[in-house]
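Here's the structure, in structure tokens; my notes come after.
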Amino acid sequence: MQPIYYPGFTIGGISEPVSIILTIILLFLMPIGSVDFWLTLVALIGLLGMQAVYWLFTHPINQFWVEGDNLDRFSSGFFSFGANRSRLENKTRPPGWTEFRDRWEYSHVARAGFALVSLLALVITLSCRI
Numbered sequence: 000m001q002p003i004y005y006p007g008f009t010i011g012g013i014s015e016p017v018s019i020i021l022t023i024i025l026l027f028l029m030p031i032g033s034v035d036f037w038l039t040l041v042a043l044i045g046l047l048g049m050q051a052v053y054w055l056f057t058h059p060i061n062q063f064w065v066e067g068d069n070l071d072r073f074s075s076g077f078f079s080f081g082a083n084r085s086r087l088e089n090k091t092r093p094p095g096w097t098e099f100r101d102r103w104e105y106s107h108v109a110r111a112g113f114a115l116v117s118l119l120a121l122v123i124t125l126s127c128r129i
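In numbering that gives the first Met the number 0, the protein residues as written are 0 to 129.
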């Protein structure tokens, strides 16, 4: 059986909070009210939207998929973080694996949309300054 979880994503995921911090710093460097300021703010909102989608939709499903897997200490700690919403679902009709898969896939599409908006806003902001 193919493993569902790839450990590199847990380690590589550290870049997301770092990108939020760097975008906040960039926001403070932009003149308030300028087009650059607003585009940087849009990028920051997009990055925060990515996090919201992950923690509200993707992470609970990831917790469900890796439940019972033998994970290293770091990964185990990461996946134990936050409420396991998959256990909080309606007990009378738990969602099937296809519903979980679809929810997981749609959450990634939403995250990609937020990431694209953030990337475009930052590219436009920074390319206009060159």
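A virtual CB, placed ideally from N, CA and C, is assigned to each residue, including glycine.
Quantities reported herein were computed from a predicted structural model and do not represent experimental measurements.
{"Query": "For residue 52, count neighbouring C-beta atoms within 10 Å of its own C-beta (all shown protein chains included) and say buried if the count is 16 or more, exposed if not.", "Result": "buried"}
{"Query": "Residue 113 and residue 11: beta carbons closer than 8 Å?", "Result": "no"}
{"Query": "Put residue 110 into one of helix, strand or coil per three-state DSSP.", "Result": "helix"}
{"Query": "Taking the alpha-carbon of residue 105 as reference, which of 60, 45 and 124 has the nearest alpha-carbon?", "Result": "60"}
{"Query": "Pick helix, strand or coil for residue 29, following the three-state DSSP scheme.", "Result": "coil"}
{"Query": "According to the Cβ coordinates, are residue 43 and residue 57 closer than 8 Å?", "Result": "no"}
{"Query": "Might you give, ordered along the chain, the residues of its own chain that have their beta carbon closer than 6 Å to the beta carbon of residue 124, omitting 5 neighbours on each side?", "Result": "35, 38 and 39"}
{"Query": "Is residue 101 close to chain B? Criterion is C-beta to C-beta, closer than 8 Å.", "Result": "The structure shown contains no chain B, having only a single protein chain."}
{"Query": "Relative to the alpha-carbon of residue 13, which residue among 98, 120, 28 and 50 has its alpha-carbon at the smallest distance?", "Result": "50"}
{"Query": "So what does DSSP say about residue 12, is it helix, strand or coil?", "Result": "coil"}
{"Query": "Identify, in the order they occur along the chain, each residue of the same chain with its Cβ nearer than 8 Å to the Cβ of residue 107, setting aside the five sequence neighbours on each side.", "Result": "57"}
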